[in-house]
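J.:
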Amino acid sequence: FTQQYQPAACKFHHTPCKDPLDKLFTVHGLWPSNFNGPDPENCKVKPTASQTIDTSLKPQLEIIWPNVFNRADHESFWQKQWDKHGTCGSPTIIDKNHYFQTVIRMYITEKQNVSYILSKANINPDGKGRTRKDIQIAIRNSTNDKEPKLKCQTKNGITELVEVSLCSNYLGKNFINCPNKTPGKTRYSCPTNDIHY
8 FTQQYQPAAC
18 KFHHTPCKDP
28 LDKLFTVHGL
38 WPSNFNGPDP
48 ENCKVKPTAS
58 QTIDTSLKPQ
68 LEIIWPNVFN
78 RADHESFWQK
88 QWDKHGTCGS
98 PTIIDKNHYF
108 QTVIRMYITE
118 KQNVSYILSK
128 ANINPDGKGR
138 TRKDIQIAIR
148 NSTNDKEPKL
158 KCQTKNGITE
168 LVEVSLCSNY
178 LGKNFINCPN
188 KTPGKTRYSC
198 PTNDIHY
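Read in order, the letters of the sequence shown are residues 8 to 204 in my numbering.
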């Protein structure tokens, strides 16, 4: 369950965001994955699974899962996430609307909202540098001591927290440690100190 911090996501995107941003982590996607090996993408679905998004879900999705790069077009972003990732969630994810209902449940009902989790530990979007350990501990305190996956990027010598993934078992009911599929340093690695949020 991956969430992106809107200002950082826009800062590091190849085209700048046009619309005003919220200082929040919002949903980037719910991505089924394999513990080992490549993650599945673009899976085949039953024809019933390709229905349109229930209009009653859209107001909540627009808040928690906006297309931060183009707020005039949330639906193509949601469709892309469904096509690439949601289609691979079977049998846990029954169809497209169940996929979006699951995201709403996780973010709102189960409070797997990274902004909320960090604020409980007095880590707020104030631009201050934080340690990776402080961020991880804050998240682990809300995920039954399970390890999140952090993604950072650096520009002009300042490293920012861009994404946080919370991992759960295939039923989406219990947190698990996020697998580290890219051990060692990558361009998305978070340093031990001075991570800005």
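Yeah, the Cβ is synthetic: ideal placement off N, Cα and C, and Gly gets one too.
Go ahead and pull the three-state DSSP assignment for LEU28.
T.: The residue given as residue 28 occupies position 21 in the sequence shown. Coil, per DSSP.
J.: Is the number of C-beta pairs between the stretch 93-106 and the stretch 42-51 that are closer than 8 Å three or more?
T.: Yes, the stretch 93-106 is in contact with the stretch 42-51.
J.: Spatial neighbours of ASN104 within its chain, please: CB distance less than 8 Å, with the 5 preceding and 5 following residues excluded, ordered by chain position.
T.: Position 97 of the sequence shown, counted from the start, is the residue given in the question as residue 104. Once the five neighbours on either side are set aside, the close Cβ partners of ASN104 are GLN58, ILE60, ASP61 and LEU64.
J.: Pull the bridge partners of GLU170 from the DSSP assignment, please.
T.: Residue mapping note: residue 170 aligns to position 163 of the sequence shown, counting from 1. Partner(s): GLN11 and LYS158.
J.: Would you kindly work out how many angstroms separate the C-alpha atoms of ASN74 and ASN129, rounded to a whole number?
T.: Translated into positions along the sequence shown, residue 74 becomes position 67. Translated into positions along the sequence shown, residue 129 becomes position 122. Their Cα atoms are separated by approximately 27 Å.
J.: Can you tell which of LEU125, HIS35 and GLU117 has its C-alpha closest to the C-alpha of LYS91?
T.: Here residue 91 corresponds to residue number 84 of the sequence shown, with the count starting at 1. The candidate whose alpha carbon is nearest that of LYS91 is HIS35.
J.: In terms of residues, what are the limits of the alpha helix (DSSP H) holding SER83?
T.: In the sequence shown, the residue the question calls residue 83 occupies position 76. Per DSSP, SER83 belongs to the alpha helix (DSSP H) from 81-91.
J.: With a threshold of 16 other CB atoms inside 10 Å of the CB of THR22, please say whether the residue is buried or exposed.
T.: As a position in the sequence shown, residue 22 is number 15, starting the count at 1. By the neighbour-count rule (16 or more Cβ atoms within 10 Å), THR22 is not buried but exposed.
J.: Going by CA-CA distance only, name the one from MET113, ARG194, ARG112 and ASN187 that's closest to VAL169.
T.: In the sequence shown, the residue the question calls residue 169 occupies position 162. The shortest Cα separation from VAL169 among MET113, ARG194, ARG112 and ASN187 belongs to ARG194.
J.: Is it the case that the Cβ atoms of CYS174 and ASN187 are separated by a distance below 8 Å?
T.: Start at 1 with the first residue of the sequence shown, and residue 174 comes out as number 167. Start at 1 with the first residue of the sequence shown, and residue 187 comes out as number 180. Contact: no.
J.: Here's the rule I'm using: 16 or more other beta-carbon atoms within 10 Å means buried, otherwise exposed. How should GLY136 be labelled?
T.: Position 129 of the sequence shown, counting from 1, holds the residue named residue 136. It counts as exposed.
J.: With DSSP run on the structure shown, which of helix, strand or coil describes SER40?
T.: Walking along the sequence shown from the start, residue 40 turns up at place 33. Reduced to three states, the DSSP call for SER40 is coil.
J.: Between the beta-carbon of LYS156 and the beta-carbon of ARG147, is there less than 8 Å?
T.: As a first step, residue 156 must be located in the sequence shown, where it is residue number 149. As a first step, residue 147 must be located in the sequence shown, where it is residue number 140. Against a cut-off of 8 Å, the Cβ pair of ARG147 and LYS156 comes out as no contact.
J.: Starting from GLN67, trace the alpha helix (DSSP H) both ways and give me its first and last residue.
T.: For this step, residue 67 is matched to residue 60 along the sequence shown. Run containing GLN67: 65-71, per the alpha helix (DSSP H) assignment.
J.: Alpha helix (DSSP H) containing ALA145: first to last residue?
T.: Counting from one through the sequence shown, the residue named residue 145 turns up at place 138. Start and end: 139-147.
J.: Use the C-beta contact count for TYR114: other C-beta atoms within 10 angstroms, 16 or more gives buried, fewer gives exposed.
T.: Within the sequence shown, numbered from 1, the residue matching residue 114 stands at position 107. Buried, since its Cβ has 16 or more Cβ neighbours within 10 Å.
J.: Taking DSSP's pairing of strands, which residues face SER97 in a bridge?
T.: Here residue 97 refers to the residue found at position 90 when the sequence shown is read from its first residue. Answer is none; SER97 lacks a bridge partner.
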